[in-house]
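Chains as they are written, first to last, in UniProt numbering: chain A, 1 to 222; chain B, 1 to 223; chain C, 1 to 269.
Please read the structure below before turning to the comments.
Printed below as a string of structure tokens:
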């Protein structure tokens, strides 16, 4: 085995990869920020004692967690237009699919986080006349959120990895540009190695942050 | 717009989809088995007292956990043959990528289970003169194993979902078969919805099974 | 201890600020309250005694709807809370409940301070968020109440840094800051170490001199004697005996009450 790596040629095309990277980050930012907020409301419905919202939220979460995200993206891009007559762009379909998928996972994090709050905290808020919304905003979320940050960070890491699947429905993000580049240069080994490293550099700090936050939280609890 | 559902293409070609599902499960089963073996080796490596062993093991685990599986699929299918001169079939490339990738996750489950065993157990083993390997095999792993089962199963479900990426290597699993059918029949809605239902059924039933196992384990632990 | 019983208002002359009629509460098939009738006049201080499971905490928690009554009526100043729904249970709109709770303060056994807020912020929270008071005014009020419970110097601390007794005093200040007409104390000293009980009881005794209307569930019989204008003894979900502290605690008529009092061997006034 005496293969000579030719990384130089790939790096010469770094503007292509950079363009893809921008779209990857945009996709991530839209899906993640949306999912954090949307997840709260689905999580509230999931934890609610009201039958109908509970049922809908449970079904939503189970459907998105028990099907591959690739199928979800394909469904939004190729199947949904046949039904609705609305053809989303590849980017819109991917952003929508990733956002809805991550919302389902975030909902479970919210629900677990809010349920971990001692019952006395809800009672204390109610006893001074707070509304449910005020309770959530002033008492529950500020306390539970810090405990949920590691889980959310992990979710962010998963989402960042998932964005690469958008390439399969022709979203021109990092993975898509890499595929193009590998066929143009006939250097798949170098291309995919470099792209793997780019993803790693992008994602690993998130994992490290989650580790650190968890450690700090554990030592605080002790 | 009133959409007219037509599931005939699905029923007529259901055999094709089933074949895809069987291939999905084949790829899953193979990768879970190999992934568990790789995971155990990586975990032992990461926990090994020698840094020459633990540092590379940690690096592999962290790298695979923090990069998209799709990159690995492509790397194994398009890149690896250039390096080794041996070209892999789509199945082999997908299985290799999945095994190593999920092996990294399995390794963390193993490690978590192992380090959760009380310190006193390690000390007691050492006090009667056990070697590291003896200690692992006789004392630590038997105790940690029960705790590892639920996360290992959960990780396996993740793997089943990830097998769908093998479609991008033209391996004939469920999603690939569906894509072919969709272009032949012009019925993407019905076909992809059916595929989603098939995945959902398999995974949901499996996760119900997992909850039952978890329940059983919890009960046994309480006894 | 200070004798405050002489400052009591004769219950019969004042109109009831709180009326409880035919109150029932069940948890599943377990009926905890089996018909409670109680009229509380302004300025009355009522100590509620009873063994565990007698329903005394549930009674208190039904008054501010921490628990929804299964049947019966709760009225504040003659106005009923909620409407009787199907099967006798009361349904109240959330807005009405919030108004009720601004008028009826509660102090919990476990304090339930908000751990992510400083002591001062804990006390300001109700006036600012619920009453919409501006922060400056709320801060001054909160400082006032902290002074009343003797904790001015702890205003900027977080609750975790305080002793249990101090935390409970903050909880009292938090309830007072809403300027409620009625205060409910749910075993306020039960989770405190013995040496910290006194400081909390002193604060509560201080409040009784202001002629506040208070209901207190407690196991501290000696304190109940000095604190209360009326003592209720609950047994199996009913008011078994009631009267002045002297009547109920020193000369109980009912056998159950006598048995209950005998169990507290260390009990002396």
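Note that CB positions come from ideal geometry on N, CA and C, so glycine has one too.
These numbers were taken from a predicted model, which means no experiment stands behind them.
Helix, strand or coil at residue i [DSSP, three-state]
| i | result |
| --- | --- |
| residue 228(C) | coil |
| residue 26(C) | strand |
| residue 125(B) | helix |
| residue 187(B) | coil |
| residue 131(C) | coil |
| residue 33(C) | strand |
| residue 88(B) | coil |
| residue 105(C) | strand |
| residue 16(C) | strand |
| residue 34(B) | helix |
| residue 72(B) | helix |
| residue 64(A) | helix |
| residue 113(C) | coil |
| residue 253(C) | coil |
| residue 182(B) | helix |
| residue 168(B) | helix |
| residue 4(A) | coil |
| residue 50(A) | coil |
Neighbour-count burial assignment, residue i, 16 or more Cβ in a 10 Å radius
| i | result |
| --- | --- |
| residue 205(A) | exposed |
| residue 66(B) | buried |
| residue 225(A) | Absent from the structure is residue 225(A), since the part of chain A shown begins at 1 and ends at 222. |
| residue 8(A) | exposed |
| residue 208(B) | exposed |
| residue 11(A) | exposed |
| residue 65(A) | buried |
| residue 192(A) | buried |
| residue 134(C) | exposed |
| residue 165(B) | buried |
| residue 45(A) | buried |
| residue 57(C) | buried |
7 angstroms Cβ cutoff, residue i in contact with chain D
| i | result |
| --- | --- |
| residue 101(C) | Given the protein chain composition of this structure (A, B and C), no chain D is represented. |
Residue closest to residue i, alpha-carbon to alpha-carbon, out of the options
| i | options | result |
| --- | --- | --- |
| residue 88(B) | 171(B), 208(B), 193(B), 214(B) | 171(B) |
| residue 148(B) | 214(B), 173(B), 203(B), 183(B) | 214(B) |
| residue 246(B) | 150(B), 136(B), 74(B) | Absent from the structure is residue 246(B), since the part of chain B shown begins at 1 and ends at 223. |
| residue 21(B) | 104(B), 137(B), 176(B) | 176(B) |
| residue 37(B) | 62(B), 173(B), 113(B), 106(B) | 106(B) |
| residue 213(A) | 3(A), 152(A), 82(A) | 152(A) |
| residue 94(C) | 34(A), 182(A), 15(A), 130(A) | 130(A) |
| residue 97(C) | 68(C), 54(C), 168(C) | 68(C) |
| residue 102(A) | 181(A), 44(A), 37(A) | 37(A) |
| residue 152(B) | 193(B), 169(B), 104(B), 129(B) | 104(B) |
| residue 173(B) | 217(B), 160(B), 42(B) | 160(B) |
| residue 210(C) | 233(C), 170(C), 227(C), 146(C) | 227(C) |
| residue 43(C) | 258(C), 212(C), 252(C), 263(C) | 212(C) |
Enclosing alpha helix (DSSP H) for residue i [first to last residue]
| i | result |
| --- | --- |
| residue 185(A) | 174-185 |
| residue 202(C) | 194-208 |
| residue 155(B) | 141-162 |
| residue 175(C) | 164-176 |
| residue 15(A) | 14-47 |
| residue 71(A) | 69-74 |
| residue 81(A) | 80-84 |
| residue 10(B) | 8-12 |
Rounded distance between the beta-carbons of residue j and residue i, thought under 8 angstroms
| i | j | result |
| --- | --- | --- |
| residue 128(A) | residue 178(C) | 6 angstroms |
| residue 163(C) | residue 196(C) | 6 angstroms |
| residue 199(B) | residue 67(A) | 5 angstroms |
| residue 142(C) | residue 123(C) | 4 angstroms |
| residue 217(C) | residue 186(C) | 5 angstroms |
| residue 23(C) | residue 36(C) | 4 angstroms |
| residue 64(C) | residue 113(C) | Going by Cβ atoms, the distance from residue 64(C) to residue 113(C) rounds to 18 angstroms, so no, they are not a contact pair. |
| residue 16(C) | residue 40(C) | 6 angstroms |
| residue 212(B) | residue 191(B) | Residue 212(B) to residue 191(B), Cβ: 32 angstroms. No contact. |
| residue 17(A) | residue 177(A) | 6 angstroms |
Endpoints, the beta strand (DSSP E) within which residue i is located
| i | result |
| --- | --- |
| residue 82(B) | Segment 80-84 is the alpha helix (DSSP H) holding residue 82(B); no beta strand (DSSP E) there. |
| residue 240(C) | 238-243 |
| residue 214(C) | 213-217 |
| residue 74(C) | 71-76 |
| residue 185(C) | 182-186 |
| residue 114(A) | Taken as a continuous stretch (DSSP letters only), residue 114(A) belongs to no beta strand (DSSP E), being part of the alpha helix (DSSP H) at 90-115. |
| residue 151(C) | Per DSSP, residue 151(C) belongs to no beta strand (DSSP E) and is neither H nor E. |
| residue 93(C) | Taken as a continuous stretch (DSSP letters only), residue 93(C) belongs to no beta strand (DSSP E), as it is neither H nor E. |
| residue 49(C) | 45-49 |
Heavy atom of the ligand FAD within 6 angstroms of residue i beta-carbon
| i | result |
| --- | --- |
| residue 49(C) | Absence of the ligand FAD from the depicted structure is noted, as is the absence of any ligand whatsoever, leaving it without description. |
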